[in-house]
Each structure stands twice: as structure tokens, then as C-alpha cells.
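Heads up: the sequence shown at position 31 corresponds to 31 in the UniProt record's numbering, and the numbers run straight through without jumps.
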Amino acid sequence: MCPFMLLNGIGQIRFRDTCAEAEEFFKEKKIMKLGERKACTKLLDMCTDILPSKVKGDRSKSVLFDACRLAKALQSLDSDRGWTNGRKWQFVSHVWVEMLPYAANQCRWSGQAQKLRRGGELLTHVWLLMAHLGLTEQFQISEGHARAKLIVEF
1 MCPFMLLNGI
11 GQIRFRDTCA
21 EAEEFFKEKK
31 IMKLGERKAC
41 TKLLDMCTDI
51 LPSKVKGDRS
61 KSVLFDACRL
71 AKALQSLDSD
81 RGWTNGRKWQ
91 FVSHVWVEML
101 PYAANQCRWS
111 GQAQKLRRGG
121 ELLTHVWLLM
131 AHLGLTEQFQ
141 ISEGHARAKL
151 IVEF
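If you want it as C-alpha cells, here you go:
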């Protein structure tokens, strides 16, 4: 929804390629108007045995195929290892907690500030909290007792 918050270069290329591949997939399968549940089912039915690099080489930077592989892997934990849905959600939440500060730190600060003016998103608030605590690479205080002042205009 906010590609300007992605890193220049590969982040925006991945976003563009993934959107294009998703549109092509849904048009090809004629499931644009069937609803979210059917669309998810069709994505899970996608054959993920052959890696995309074998089919497309390194031309596409889409992560749609990888997302489908990940979803299938998470679902297979039921039968392979006897994981409950609660245990899977706990696993996913731990991964998210690790990824959130990393993602917040990778976003451009100008994009974050733009989103904050309109209330922000979770990633924006994590970025602001990290900046306030001096945990970002974008704002570093080298010495002394410096203070930062945030001015928000409405």
C-alpha cells in the first residue's frame, strides 16, 4: 500500500514484480471476483515443487511464489510435527517481533515521517520508538546528553 516506504532499488523492484505476478496469476485463473477465500485456496494449490529460479531465472524478483511455499510449509507443520494452530501463531509472532525492528530500521525516515503525519502505521510507530531510544541507524547521538525534539504540525 505504501511502496515509498520501501528501500530504493530491490525493495521497490520486488514490490512491483510481486504485484504484477499476482495480477497475472489471478487473471489467468479467472478468480479476480471469486473472493478472498477462493483466491487463497488457489494460491495454496500452486505447484511449488520447482523453484522459480529454475523457471524464470533471475529475471523476476517477485516473492509471491516464496510466500506460497512458506504458507504451505506452515500448514504442513500440522501433519508433519503435530503443531496446533496456537503453536503456529506463537511461532509466527516470534518471527514478526524479530522482523519488525529490522524492517522499521530499513525504511527511509522521510517516508516514515510522511506516514506519521497521517497517524502512522505499526511500522511507523516502531520506527519512532526506536529513534526515540537511539536504536536506529538513521539517528545516532555520538556523545553528551543530547535531546531530540519532535515537532508535529496539524
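Note that the Cβ used here is the ideal one computed from N, Cα and C, for glycine as well. Model, not experiment: these values are computed from the prediction.
Identify, in the order they occur along the chain, each residue of the same chain with its Cβ nearer than 8 Å to the Cβ of residue i, setting aside the five sequence neighbours on each side.
i     : result
Ile13 : Lys61
Ala39 : Phe26, Ile31
Arg37 : none
Can you tell me whether residue i is buried or exposed? The criterion is at least 16 other CB atoms within 10 Å of its CB, across all chains shown.
i      : result
Lys115 : buried
Trp127 : buried
Thr84  : exposed
Ala73  : exposed
From what residue to what residue does the alpha helix (DSSP H) around residue i run?
i      : result
Val97  : 85–106
Gly11  : 10–28
Glu121 : Unbroken run through Glu121: none, as it is neither H nor E.
Lys61  : Counting along the chain, Lys61 falls outside any alpha helix (DSSP H), and DSSP gives it neither H nor E.
Lys33  : Per DSSP, Lys33 belongs to no alpha helix (DSSP H) and is neither H nor E.
Rounded to whole angstroms, what's the CA-CA distance from residue i to residue j? Just pull it up for me.
i           : j      : result
Phe25       : Leu100 : 29 Å
Ser93       : Thr18  : 24 Å
Arg117      : Ala20  : 30 Å
residue 167 : Val97  : This structure cannot settle anything about residue 167, because the visible part of the chain is limited to 1 through 154.
Arg59       : Asp49  : 19 Å
Trp109      : Ala131 : 10 Å
Ala113      : Val95  : 26 Å
Tyr102      : Leu123 : 10 Å
Gly11       : Gly119 : 24 Å
Ala88       : Gln75  : The question names Ala, but residue 88 in the sequence shown is Lys. The alpha-carbon atoms of Lys88 and Gln75 are separated by roughly 9 Å.
Thr136      : His125 : 13 Å
Glu28       : Leu129 : 43 Å
Ser79       : Gly86  : 15 Å
Within a Cβ cutoff of 7 Å, which residues of the same chain sit near residue i, ignoring the five residues on either side of it in sequence?
i      : result
Glu121 : Lys115
Arg81  : none
Please list, in chain order, all residues of the same chain as residue i whose beta carbon is under 6 Å from its beta carbon, the five residues on each side excluded.
i     : result
Leu64 : Thr18, Glu21, Ala22
Pro52 : Phe65
(request) Kindly confirm or deny that the stretch 65–78 and the stretch 40–51 touch, where touching means at least three C-beta pairs closer than 8 Å. (result) Three or more Cβ pairs drawn from the stretch 65–78 and the stretch 40–51 lie within less than 8 Å of each other, which places the two stretches in contact.
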